[in-house]
Amino acid sequence: MSAAIETSNLTVQFGNFSAVNNVSLSIQAGARHALIGPNGAGKTSLVHALTGSIAATSGTILVGGEDVTRMPQRLRVRHGLARTFQINQLFRGLSVLDNVTLAIFERESKTRAFWRSAAADRAVIAEAREHLAFVHLENFADRSVHSLPYGLQRLLEIAIALATRPRVLVLDEPAAGVPAAQSEAIFERIHALPRDLTLLFVEHDMGLVFRFAERITVLVAGQVLSEGTPAEISADPRVREVYLGRRGHHAAA
Numbered sequence: 514m515s516a517a518i519e520t521s522n523l524t525v526q527f528g529n530f531s532a533v534n535n536v537s538l539s540i541q542a543g544a545r546h547a548l549i550g551p552n553g554a555g556k557t558s559l560v561h562a563l564t565g566s567i568a569a570t571s572g573t574i575l576v577g578g579e580d581v582t583r584m585p586q587r588l589r590v591r592h593g594l595a596r597t598f599q600i601n602q603l604f605r606g607l608s609v610l611d612n613v614t615l616a617i618f619e620r621e622s623k624t625r626a627f628w629r630s631a632a633a634d635r636a637v638i639a640e641a642r643e644h645l646a647f648v649h650l651e652n653f654a655d656r657s658v659h660s661l662p663y664g665l666q667r668l669l670e671i672a673i674a675l676a677t678r679p680r681v682l683v684l685d686e687p688a689a690g691v692p693a694a695q696s697e698a699i700f701e702r703i704h705a706l707p708r709d710l711t712l713l714f715v716e717h718d719m720g721l722v723f724r725f726a727e728r729i730t731v732l733v734a735g736q737v738l739s740e741g742t743p744a745e746i747s748a749d750p751r752v753r754e755v756y757l758g759r760r761g762h763h764a765a766a
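Its first residue numbered 514, the sequence shown is counted upward by one per residue in the working numbering.
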């Protein structure tokens with residue numbers, strides 16, 4: 514069986530600087546896979562390359578065995594690859610419900626119809642409300658996004674990502690900027706995502722990483738330093754030297 518998402522010798526260069534250097538990953542369907550590493554490790558550049566925000570300089574990216582290396586971001590979404598951002602990308606002037614319905618219309622290639630008929634499309638509204646219920650935001654459906662606490666905005670991002678019906682969901686620091694109690698709520702919902710959905714997440718809170726990840730890849734200076742289970746990564750002396758030991762389990766990524 515092919516991996517849910519796979520890279521081979523993926524490289525991202527900015528001038529003479531290699532932000533990502535020959536990274537090869539193979540993440541199996543249903544995985545809960547964390548990507549960690551110190552500042553400047555290349556995590557964000559790798560996520561951008563995977564999802565199409567920036568172009569890879571060389572190497573390949575496969576989603577479900579299909580080469581998406583040269584696909585634009587919107588087509589990768591339609592091939593089942595969705596993401597959330599370190600800084601959210603919500604439509605703050607729209608309602609919570611409208612943000613999710615817009616994602617559904619985009620998935621169905623009916624975005625132009627959104628402004629005319631979204632309110633009348635019962636099936637779309639019903640689906641959007643299901644996604645909001647999953648992240649416990651059904652009672653906030655009619656609120657404008659800008660009025661939501663930031664932690665709830667992060668949950669809304671997950672609902673929007675689910676509305677694209679992804680096979681692979683990339684979460685770029687999903688709990689960034691929220692208090693610890695809200696981080697727990699966000700990761701509880703992430704943990705509850707269906708097992709047929711493959712998760713790759715970047716997270717700086719090592720407590721959350723070691724609780725929720727089943728496998729971990731450690732990036733340092735744009736290269737894979739180590740990969741394994743949480744127990745293997747915790748015991749790896751190289752990882753301790755360059756990351757865990759120096760920074761502790763709540764290190765900034």
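All residues carry an ideal CB built from backbone N, CA and C; glycine is no exception.
- ILE518, enclosing beta strand (DSSP E) - first and last residue: Residues 518–527.
- Message: In chain order, what are the residue ranges of uninterrupted alpha helix (DSSP H) at least 4 long that sit wholly in the region 616–679?
- Response: Within the region 616–679, the complete alpha helix (DSSP H) runs of at least 4 residues are 624–630, 635–647, 663–676.
- Mind checking who LEU713 pairs with in its DSSP beta bridge? Note: LEU713 sits in a beta bridge opposite HIS546, VAL683.
- Quick one, are the C-beta atoms of PHE714 and VAL683 less than 9 Å apart? In this structure, PHE714 lies near VAL683, with their beta-carbon atoms less than 9 Å apart.
- Query: According to DSSP, is LEU721 helix, strand or coil?
  - Reply: Helix.
- Determine the contact status of ARG678 and VAL576, defining contact as a CB-CB distance below 9 Å. No. Outside cutoff.
- Message: Suppose the cutoff is 7 Å on Cβ atoms and the five residues either side in sequence are ignored; what does the same chain contact list for ARG753 look like?
- Response: Within the same chain, ARG753 has no close Cβ partners at all.
- From what residue to what residue does the alpha helix (DSSP H) around PHE700 run? DSSP places PHE700 inside the alpha helix (DSSP H), whose first and last residues are 693–704.
- Pairwise C-alpha distance: LEU706 and PRO750: A straight line joining the alpha-carbon of PRO750 with that of LEU706 spans about 33 Å.
- Straight-line Cα distance separating LEU603 from GLN666: Each residue's alpha carbon lies about 8 Å from the other.
- Task: Locate the alpha helix (DSSP H) running through VAL590, then write down its first and last residues.
- Result: Start and end: 586–591.
- Task: Please look up how many angstroms separate the CB atoms of ARG596 and PHE725, rounded, as I've assumed it's under 8 Å.
- Result: Contact check for ARG596 and PHE725: beta-carbon distance about 17 Å, past the 8 Å limit, so the pair fails to qualify.
- Message: Using CA atoms only, rank isn't needed, just tell me which of LEU548, ALA694, MET719 is closest to ARG728.
- Response: The shortest C-alpha separation from ARG728 is found at LEU548.
- Can you tell me whether DSSP reads THR557 as helix, strand or coil? Under the three-state reduction of DSSP, THR557 is assigned to helix.
- Residues bridged to GLY741 (per DSSP): In the DSSP output, where bridge partners are listed per residue, GLY741 has ILE729.
- Query: DSSP beta-bridge partners for THR570?
  - Reply: Paired residues: none, contrary to the question.
- Query: Leaving out the 5 sequence neighbours to the left and right, which residues in its chain are closer than 7 Å to THR582 when beta-carbon positions are compared?
  - Reply: The residues are ALA569, THR573, ILE574.
- Message: Contact between the region 608–621 and the region 653–668 is defined here as three or more beta-carbon pairs at a separation below 8 Å; is this criterion met?
- Response: Segments in contact, yes.
- Message: Quick check on the burial criterion: 16 or more other C-beta atoms within 10 angstroms. Buried or exposed for GLY528?
- Response: GLY528 sits exposed, since fewer than 16 C-beta atoms from the chains shown fall within 10 Å of its C-beta.
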